Amino acid sequence: MEKGDDILPSPADTLDANAPSLRSGALVTLFCIAAMLAMTWSLWDRLPELITTRRETEYREATEVPRWIISLATPAALILVAGLLPLSFRLEGLVERGVGHQFGGGRRNKSMRHNLILIVLSPVFTTVHVAVLLFYAGQQIPVMTMVTIALGALIAVVGNFLPKIASGRPRSSSPESRRLLEAWRSSHRVGGWIMMAVGALTILLAPFLNQVALTFLVPFAVLIPFISMGIRTAVSLRR
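Each residue of the sequence shown is one higher than the one before, counting from 7 in the working numbering.
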């Protein structure tokens, strides 16, 4: 084992020096939060004070929530995701140090991955927020279709960046684990192409499917690329 190739970062590096910069992702997140709050302000008077989120049936009563909960739920969720990302990076580093494997590549790859999460998720959260507010404000819009299209775009964008995120050399203290990590890394190119194709197909099909079909389309679109990556990894290991 050559010095510098397979040595994982020290705990101090994991907690401080290797923390990725989230500046570009944070800027996109702040912009999207501002856009969501501006949309909330513009539609506030058109929202009923109590919003029915679940209609009354023979077996249950209707569920109503104050409009401020609906208005702030999506921005709050995005803020929570943005706040948990730095913590998740530190936990990832501690896990890597504990098990002796470096799963996510070097600092540059991890920074790219964390920024990508914020840059891609923020517009999706914004789209969902706008669609929900317009729906409860009385606009007749296909909320489920809009959300599915946004998720399809998210899947396609992630697929485009997937090979770049996995471009780093996997590090491990054992040859077997290193071979497994290398096979998994190599599968990201195929997974990226499939993810882009599935995302594009989701966008094209969404306007023509009913709500039941849309409910099954999104999990299918998410699972297929990762199943293909798992198959590609297994095939590589058998060679």
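Virtual Cβ for every residue (Gly too), placed ideally from N, Cα, C.
Source: prediction; values computed, not measured.
Start and end of the beta strand (DSSP E) containing residue i?
| i | result |
| --- | --- |
| Arg60 | Leu56 to Arg60 |
| Thr63 | Thr63 -> no beta strand (DSSP E), and no H or E assigned at all. |
Rounded to the nearest angstrom, what separates residue i and residue j at their Cα positions?
| i | j | result |
| --- | --- | --- |
| Pro213 | Gly197 | 25 Å |
| Ile209 | Ala159 | 7 Å |
| Pro54 | Pro81 | 19 Å |
| Trp50 | Ala143 | 8 Å |
| Leu84 | Arg245 | 43 Å |
| Trp47 | Ala137 | 15 Å |
| Leu56 | Tyr65 | 21 Å |
| Trp74 | Gln145 | 18 Å |
| Lys9 | Ala219 | Interpretation of Lys9 is limited by its pLDDT of 43, a score under 50 that renders its predicted location unreliable; the figure taken from the coordinates is listed afterwards. Answer to the nearest angstrom: the Cα atoms are 54 Å apart. |
| Leu211 | Pro169 | 26 Å |
Using the rule of at least 16 other Cβ atoms within 10 Å of the residue's Cβ for burial, across every protein chain shown, is residue i buried or exposed?
| i | result |
| --- | --- |
| Leu139 | buried |
| Leu91 | buried |
| Gly165 | buried |
| Asp11 | Confidence at Asp11 is low in this model, with a pLDDT of 43, below 50, so the placement of that residue is unreliable and no value is reported for it. |
| Phe131 | buried |
| Ile13 | Reliability of the predicted coordinates at Ile13 is poor, the pLDDT of 40 falling under 50, and no value is obtained from them. |
| Leu248 | A question about residue 248 goes unanswered here, because the residues of the chain that appear run from 7 up to 245. |
| Arg119 | buried |
Tell me the residue span of the alpha helix (DSSP H) that contains residue i.
| i | result |
| --- | --- |
| Ile233 | Gln217 to Arg244 |
| Arg29 | Arg29 to Leu49 |
Do residue i and residue j have their C-beta atoms closer together than 7 Å?
| i | j | result |
| --- | --- | --- |
| Ile147 | Gly31 | no |
| Thr63 | Val71 | no |
| Gln217 | Met150 | yes |
| Thr35 | Ala88 | yes |
| Ser193 | Thr239 | yes |
Would you mind working out which of the options sits nearest residue i, comparing C-alpha positions?
| i | options | result |
| --- | --- | --- |
| Leu43 | Ser117, Pro54 and Ala79 | Ala79 |
| Ile161 | Leu84, Ile123 and Ala137 | Ile123 |
| Pro225 | Leu127, Arg29, Leu157 and Ile237 | Leu157 |
| Ser117 | His135, Cys38, Glu98 and Pro129 | Glu98 |
| Trp190 | Val241, Met202, Leu223 and Leu229 | Val241 |
| Ile52 | Glu67, Ala68, Arg29 and Ser77 | Here the sequence assigns Arg to residue 52, which means Ile is not the residue at that position. Of the listed residues, the one whose Cα sits closest to Arg52 is Ser77. |
| Thr154 | Arg119, Pro181 and Ala206 | Ala206 |
| Cys38 | Arg119, Glu188 and Pro129 | Pro129 |
| Val163 | Leu100, Glu188, Phe141 and Met202 | Met202 |
The ligand HEM and residue i: does the residue's C-beta get closer than 6 Å to at least one heavy atom of that ligand?
| i | result |
| --- | --- |
| Gly89 | The model on display carries no ligand, and the ligand HEM is accordingly not part of it. |
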